[in-house]
Amino acid sequence: ALQQSAVAVADWSFSGEYPSLLDVMYCAQPTVLIGVSGQAGLFTEQIIRAMKKGCDLPIIFPLSNPSRQVEATPDQVIEWTDGQVIVATGSPFKPVHFQGREYLITQCNNSYIFPGIGLGVIAAKARLISDEMLRSASETLAANSPLANTGKGGLLPPFTELAALSKKIAFAVARVAMQQGLALELDDNTLQQKIEDNFWRPEYRQYRRTSN
Numbered sequence: 010a011l012q013q014s015a016v017a018v019a020d021w022s023f024s025g026e027y028p029s030l031l032d033v034m035y036c037a038q039p040t041v042l043i044g045v046s047g048q049a050g051l052f053t054e055q056i057i058r059a060m061k062k063g064c065d066l067p068i069i070f071p072l073s074n075p076s077r078q079v080e081a082t083p084d085q086v087i088e089w090t091d092g093q094v095i096v097a098t099g100s101p102f103k104p105v106h107f108q109g110r111e112y113l114i115t116q117c118n119n120s121y122i123f124p125g126i127g128l129g130v131i132a133a134k135a136r137l138i139s140d141e142m143l144r145s146a147s148e149t150l151a152a153n154s155p156l157a158n159t160g161k162g163g164l165l166p167p168f169t170e171l172a173a174l175s176k177k178i179a180f181a182v183a184r185v186a187m188q189q190g191l192a193l194e195l196d197d198n199t200l201q202q203k204i205e206d207n208f209w210r211p212e213y214r215q216y217r218r219t220s221n
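Under the working numbering, think of the first position of the sequence shown as 10, with each following residue one higher.
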């Protein structure tokens, strides 16, 4: 959590010198919980259930790597919220089956965003990367969420769709850069071609020996 001033928590009720994470759940009633602590088991059942009491559909992202250091496993988070949760992790996890439903666990990784940002900057020859450009990348990713669009599937697209997704993000980032006067002025067709021209396709090619 972001550090708060004493005034901001003056009406909180807690017993120690500082509020614990459980105290935060009861007093702040957060809707989003992100774990990047590397402390395995930090998100206990008591903490998750306390959060669920103050939020009908909490967003819980235990993102620590490797998986042995995750704050809570997806199956725990899903069980402790009775399946009413949006969950993603930093490490890969298998789907969770709970009360007859399959939950696909999205691996929340920066590879969803960074390639598209870089591609957009290169294609449009942007001079710098603004907050608005980063926001457009995030919004484009969110707009392609299977769960948000259909109510099914993972929170984020599968990794097999990263190439197409990166091009969409690149286009959005470049367009914002142009609007802000930070890049070349290109029409949509030219911009799309620039993105295609600069797109790198990782692959193992067949090599042929030419000499002994």
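All residues carry an ideal CB built from backbone N, CA and C; glycine is no exception.
Nearest C-alpha to Thr-98 among Ile-131, Thr-40, Ile-87 and Ser-73: Ser-73.
Contact annotation, Pro-104 with Ser-175: C-beta distance approximately 25 Å; criterion of less than 8 Å not satisfied. DSSP places Gly-44 in the strand class (E or B) of the three-state scheme. Annotation for Thr-149: the continuous alpha helix (DSSP H) segment containing it runs 140-152.
With a contact defined as Cβ atoms closer than 8 Å, Leu-165 and Ser-154 qualify at about 6 Å. The criterion of a C-beta distance shorter than 8 Å is satisfied by Leu-128 and Phe-208.
Taking C-beta atoms as the reference points, Ala-135 and Leu-200 fail to come closer than 8 Å. With respect to the C-alpha of Pro-211, the residue from Thr-169, Thr-115 and Gln-188 having the closest C-alpha is Thr-169.
With fewer than 16 other beta carbons inside 10 angstroms of its own, Thr-159 counts as exposed.
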